[in-house]
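Under full-length UniProt numbering, the residue at position 145 of the sequence shown is numbered 145, and the numbers go up by one with no gaps.
No residue lacks a Cβ here, since even glycine has one placed at the ideal position from N, Cα and C.
These numbers come from a predicted model, not from an experiment.
Data block below; observations after.
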Amino acid sequence: MEKVANRSHLGQLVLWLLMIVELSLFYSACSAEIPVRKILNLGDCNPRVRLQISHHNVVIDNGLVEVTIENPDGHVTGIKYMGMENVLESGNPNSNRGYWDFVWDNSTFDKMETKHVKVIAHTDELVEISFTKNWDFRTDHGKTVPLNIDKRFIVRRGVPGVYMYGIFERQEDFPDAQMYQLRIVFKLKEDKFRFMAISDTRQGVMPRGEDRDNTRSQTLAFKEAVLMTNPSNPQFRGEVDDKYQYSCENKDNKLHGWISDDDAVGFWIITPSNEFRTGGPHKQDLTSHVGPIALSMFVSTHYTGIDIDVTYKKGEAWRKAFGPVLIYLNSASSDDDCRKPLWNDAKRQLSEEIESWPYNFTRSEDLPHAEDRGEVCGQLLVRDRCVDEELMQAQSAFVGLAVPGNVGSWQTEGKGYQFWTETDNTGRFNIKNVRPGEYNLYAWVHGFIGDYKLDLNITIQPGNKVNLGTLIYDPPRNGPTLWEIGIPDRTAAEFFIPEPDPTFVNPLCLDAADKFRQYGLWDRYSDIYRHGDVVYTVGVSDYSRDWFFAHVLRNTGNITDLSTTTWQIKYNLQDVNEKGNYTLQLALAAASYAELQIRFNNPDAIQPCFTTTRIGYDNAVARHGIHGLYRLYSINIPGNRFIRGNNTIFLTQTTSHALFDAVMYDYIRLEAPAV
């Protein structure tokens, strides 16, 4: 200690810096499997946030990252980090590096360029900047999306990244509009960011954007899917790439991004909350894809089609905040493989952001802090006496608050906020950090068909806690089960998913959980069922082997001559109640321009016993999804339709206008008449 006390001031500083390095490495080792080298600015260990505004640019610098935003358009033109002068593709125009965009009427893209810049906050701890534009009928009608726009950027002290959020508003006198898609797009340096990570299992080196050009690849059944034929890197020859293969559900779409191996730098989009996304926790959407491109998706019609509400009418005022999301950068030692430590550190940062939600540093009244929010708790039980005489605990059920509507309407709700959680093993739930407003409570329970909705409007006020007590869900049921196919889980994942054609493989989808994402599985149906369609015999067949995951058309090799398919379910009835009504519970996991007709024991009957009519736009088969929108049909069948002994149900998908007209089944159950 005496030696330390006698050291010079410079010596003390050196020792102090070494201690900080050791502590930093220790902290990293505790918070990740492999330590990540944290950034250390030796000139100032915790510099204040600085702001410079010029005629062309706004520059925010916290000593870790330097973010440049075009003035007044609001496009991110540069992010400087570590030794990289710009992680964005500087060869692109300023408007094509980091930007918001809307797809609206007639699929028109609007990059939402703004006209004014305002400093919301400038302290040593953070800078928040607002880029705004108010829509004007005289100058903007028919040219730009009818919205008032407020794009926000926040850079905080000690955080290597930038927070982004947007506040969008429609006034009552704005004209009608369809607003199909809202997102943030980042296009990274093509020669640097080659490794993409979406989850623990979907990670890998990716082709270059140029490898998707028609000189280097072959376009497959649709423009998004290509087969690499002459890629710049021969290792990708014979592989398929399609951005929809990298989609995931909202509840899982929290972290994805890219790594530059040469620089040992990661670029990540972190989404700590889904409250501002549309369509509920199971809606699927894009993440990152070849470019290299990283997306933050807020609104889209992906996997729902136009069934989701994207229509805004004149006379309907609307205002909503999207985000914040964090654009996070990290670095690791380049001496070893940097990928795992960078990914682990990004997951650590995600955990920190989730723990900090809702943020207390934002300055907009549209983003209420924790003390200005409420919560809802309760317990959900299930009553189905054909399963158990006692009430059952709704384990791992999804329970959420969304805009008041009909049962299950949260799937297609596209304008408000949603708040979801899962129940514990006793069916208890606690939905925290709910914005003030009026909601309905919705739920669905794994293993049971249908949707639950509490017949009560719930008003959330700042700081209040609503205890709903015990709620009981009575799933649709008219009689005891005679037989069933599948698991009521709103997906087709439990059914037979074939091996992909070896000439159309994507290595990022080799994990068993991602097998359904492989390209061309719809054509495997015609290969496997060459001499007839699916015939499923109750008590003999196994739905994991004998029930194809999608009811698709038969591809004859001529795209103009697609053949409809009829599946059969064979079963035996020892006794028939001819005077009673049986029920066929038919749950669909997806539908795309389909009509499903059902006949009992007579496949040639002119009129089906039941038809769904034309349903669905979710295109889940083509987009490599294992589900789209959930639909349930409780079909009453007079007992005289059945015979004692062997019976057959015929399921025909009758539309054949395009290759991907199809349905996916979730679950089918035949119920006897009520006792």
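In this structure, DSSP gives L147 a state outside helix and strand, which the three-state scheme calls coil. Counting only runs of at least 3 residues, the region 585-666 fully encloses the following beta strand (DSSP E) elements, listed from N- to C-terminal order: 596-600, 615-617, 631-638 and 645-653. Looking from the CA of W258, the closest CA among F193, V240 and D241 belongs to F193. A straight-line Cα-Cα distance of about 42 Å links G414 and D337.
In the displayed model, S544 falls within a helix according to three-state DSSP. For R157, the closest alpha carbon among the candidates F168, H122, I149 and L188 is that of H122. Between G83 and I327, the gap from beta carbon to beta carbon reaches 8 Å or more. Taking C-beta separations shorter than 7 Å and ignoring five residues to either side along the sequence, the partners of G323 in its chain run M164, Y165, G166 and F276, following chain order. For A264, there is no enclosing beta strand (DSSP E), as DSSP gives it neither H nor E. Taking the Cα positions, T139 is about 15 Å away from D110.
Residue ranges of uninterrupted beta strand (DSSP E) with 3 or more members, entirely inside the region 425-488 and ordered along the chain, are 428-434, 437-444, 458-460, 465-473 and 481-486. Beta-bridge annotation (DSSP): V155 is paired with V127.
Cα atoms of F448 and G469: separation of roughly 21 Å, rounded to the nearest angstrom. Scanning N478, L286 and D514 for the CA closest to the CA of P673 turns up N478.
Distance between T654 and N602, taken at the CA atoms: about 16 Å. Within the same chain, Cβ atoms closer than 7 Å to the Cβ of G209 are found at E190, V290 and G291, the five residues on either side in sequence being excluded. Distance from N619 to Q245 at the Cβ level is roughly 14 Å; contact not present, criterion being Cβ atoms closer than 8 Å. Per DSSP, reduced to three states, the secondary structure at I354 is helical.
Minimum Cα-Cα distance from R202 among the listed residues N250, P231 and L255 corresponds to L255. With distances taken between CA atoms, I60 lies nearest to R152 out of R152, S95 and D105. Note: A197 is bridge-paired with Q203 and G257 in the DSSP secondary-structure output. By the Cβ criterion, the region 374-385 is in contact with the region 436-450, since at least three pairs of Cβ atoms, one from each stretch, lie closer than 8 Å. Taking every protein chain shown into account, the CB of H56 has fewer than 16 other CB atoms within 10 angstroms, so this residue is exposed. Contact between A264 and S334 is confirmed by a C-beta separation of about 4 Å, below the 8 Å threshold. Listed in chain order, the non-local C-beta contacts of N464 below 7 Å within the same chain comprise G374, local neighbours out to five positions each way being set aside. Taking one beta carbon from each stretch, the region 480-495 and the region 661-671 have 3 or more pairs nearer than 8 Å; the two touch. For a cut-off of 8 Å, the C-beta gap from L562 to S656 is around 4 Å, short enough to register as a contact.
Comparing alpha carbon positions, the residue from G305, R623 and Q597 closest to T612 is Q597. Taking a cut-off of 8 Å for Cβ pairs, the region 534-553 and the region 563-573 touch, as three or more such pairs fall below it. Secondary structure of K340 (DSSP, three-state): helix.
The residues K453, in chain order, have a CB closer than 8 Å to that of N406 in the same chain once the five nearest residues on each side in sequence are set aside. One thing to note: F548 has its Cβ within 8 Å of the Cβ of Y525. Assignment of P324 by DSSP, reduced to helix, strand and coil, places it in the strand class. Distances from the alpha-carbon of V434 to those of T423, D424, Y417 and G427 put Y417 closest.
In the three-state DSSP reduction, L188 falls in the strand class (E or B). Measuring C-alpha to C-alpha distances from P358 to each of S364, L350, S634 and P368 identifies P368 as the nearest.
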